[in-house]
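Working notes for the structure below.
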Amino acid sequence: MFWDQEAETMGRGGLEQLQLRRLKATVRRVYERVPFYRQKFAEAGLQPRHITSLADARRLPLTTSADLREQYPRGLVAVDATELARLHTSSGTTGKPKGLFFSRKDVDRAAELMARCLVMAGLGPGGILQNMMTYGMFTGALVMHYGAEKVGLLVIPSGPGNSEKQLLLMQDFGTTAIHTTPSYALYFADYLEKKGIDPRRELSLRQGFIGAEPYSEETRRKIEQGLGIDVYNSYGLSEMNGPGVAFECAEKHGLHIWEDFFLVEIVDPRTGEPLPDGERGELVLTTLCREAMPILRYRTRDITSILPQPCPCGRTHRRLNRITGRTDDMLIVRGSNIYPQQIERVLMDIPAVGRNYVILLEGLDELTVTVELAGAGFGGQVEKLVRLQTEITDKLRAEIMVKPKVELVAAGTLPVSEGKARRVIDKRSL
Ligand code: ADP
Ligand code: ZN
């Protein structure tokens, strides 16, 4: 099933021609209307007419998250004030926020891409989507909301948190799909288990669109088992509309990224130099259809690679591998490079491990991983607990080359956040 079959299955040649046409128009637009880009072009001795092929894109300046903050509030706007339709902001973790503007067409196109994603995951009229992301300045909920309405779904704008209310809505209105983060999905699965509710028999859930944070295949399986749903990985970022940038099809092997809207590159995060297809690096995206705020070569800091093989589903837009984290997620512990994702994968693959954990770094590189036990735990059987503790410690050491201290706690005792989980606490005095 397709939302826009022609666009989604366009031959690569035609797609690339379209990309080039749109790239040229975008380059002209920012050159003429955005002083920030005009200056960057001048510094690089570059003019719009120098861009004659897609390969020339690599001559364009890279845009960083710091650039977006420096241009706050309106520095990157490329339309008249009367053409602006919506403002979102992204706070990130430090410093000034980023101001992200949409024109009316931008709002509609973001919804259009989201619609492709939802139909790709098998949704259509009659579907009932409970949107458990945060509504507000964050793009996560609204872009999904508009896309879902376009597809003809009934949308329940429940927002995040309050599991009791979420459950009631599901029971009373027969929710068939949810949109939430992996951490909340896991938490909610725990909640159902505690209440003794079997989602397969008592709820109508079929699909989950799970994203906004990195998670592993092991976590996908845990969510699918816990909620009795099919989980589709959903990737997006506020700078590029929010959700709907890349999404899994029924193959669930990589996320199709909509290349008629985004020019995709993978670069070496250290040098910014382009890497060939298949190699892992930092995802860099250029908007090809944005009116209000086009962005050239945005360094997402997200680590992934391109899967170049054609997809059996028939879509020609290439797939990204599961995003494994951000370039700035890497922790250096006793000389080893560790990604939190490695720890997550090991933990979620151990059945006795529950659905939440915290990574704490303190003092001189002391690493403690606190792990919730699954469901009922072991009813105080110390011997079994010690065995599990040793198993987790050994498996983690084998994966990250550092021996952590492992602490086990009862299910439901670690804090859960409504938005994105904060799983790494770094208190080192380095
Ligand atoms: P913030 O930058 O404040 O976290 P965003 O909502 O723009 O706000 O977050 C986008 C980021 O979230 C992405 O750049 C990426 O790091 C992460 N993200 C979103 N979806 C996924 C996903 N499916 N897998 C991994 N990471 C994701
Ligand atoms: Zn596919």
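Using my numbering, you'd call the opening residue of the sequence shown number 4 and step up by one each time. All C-beta atoms, glycine included, are put in the ideal place defined by N, C-alpha and C. Quick caveat: nothing in here was measured; it's all calculated off a predicted structure.
Continuous beta strand (DSSP E) stretch holding residue i: start and end
i           : result
residue 339 : 339 to 341
residue 245 : 245 to 251
residue 218 : Looking at the DSSP string, residue 218 is not in any beta strand (DSSP E), and its letter there is neither H nor E.
residue 143 : First-last for residue 143: 142 to 154, but that is the alpha helix (DSSP H), not the beta strand (DSSP E).
residue 85  : Neither: residue 85 is in no beta strand (DSSP E) and is coded neither H nor E.
residue 69  : Element bounds for residue 69: not the beta strand (DSSP E) but the alpha helix (DSSP H), 68 to 73.
residue 434 : An answer regarding residue 434 cannot be provided, because it is not within the stretch 4 to 433 covered by the chain.
residue 174 : It is not in any beta strand (DSSP E) - residue 174 instead sits in the alpha helix (DSSP H) that spans 166 to 176.
residue 263 : Unbroken run through residue 263: none, as it is neither H nor E.
residue 54  : Residue 54 -> no beta strand (DSSP E), and no H or E assigned at all.
residue 180 : 180 to 183
Residue closest to residue i, alpha-carbon to alpha-carbon, out of the options
i           : options            : result
residue 259 : 284, 199, 325      : 325
residue 298 : 10, 368, 65        : 65
residue 164 : 419, 427, 149, 285 : 419
residue 101 : 73, 427, 423       : 73
residue 343 : 140, 316, 427      : 427
residue 284 : 135, 371, 302, 360 : 302
residue 8   : 188, 261, 128, 140 : 261
residue 422 : 142, 128, 28       : 142
residue 169 : 132, 29, 155, 52   : 132
residue 323 : 378, 254, 276      : 254
residue 300 : 43, 15, 63, 49     : 63
residue 429 : 376, 394, 363      : 363
residue 252 : 271, 230, 317, 14  : 317
Boundaries (first-last residue) of the alpha helix (DSSP H) holding residue i
i           : result
residue 99  : Where residue 99 is concerned, there is no enclosing alpha helix (DSSP H), given that its DSSP letter is neither H nor E.
residue 24  : 15 to 36
residue 396 : 385 to 403
residue 116 : 107 to 123
residue 406 : Residue 406 -> no alpha helix (DSSP H), and no H or E assigned at all.
Where residue i falls, given that 16 or more other Cβ within 10 Å makes a residue buried
i           : result
residue 367 : exposed
residue 424 : buried
residue 387 : exposed
residue 263 : buried
Okay, do the stretch 344 to 364 and the stretch 205 to 219 touch, 3+ Cβ pairs below 8 Å being the bar?
yes
Does the stretch 254 to 272 come into contact with the stretch 71 to 90, if we say contact requires no fewer than three beta-carbon pairs (one atom in each stretch) closer than 8 Å?
no
Could you say if the stretch 201 to 212 and the stretch 124 to 139 meet the contact criterion of at least three C-beta pairs nearer than 8 Å?
yes
Are there three or more Cβ pairs, one per stretch, closer than 8 Å when the stretch 187 to 198 is compared with the stretch 408 to 423?
yes
Should the stretch 395 to 408 be called in touch with the stretch 362 to 380, which here means at least 3 C-beta pairs below 8 Å?
yes
Mind the definition here: the stretch 352 to 361 touches the stretch 302 to 312 only if three or more C-beta pairs lie below 8 Å; say whether that holds.
no
Could you give the uninterrupted runs of the alpha helix (DSSP H) lying entirely in the stretch 289 to 377, keeping only those of 4 residues or more?
343 to 351
Touch check for the stretch 101 to 113 and the stretch 140 to 156: three-plus C-beta pairs under 8 Å?
yes
Between the stretch 176 to 189 and the stretch 41 to 55, do three or more beta carbon pairs fall short of 8 Å?
no
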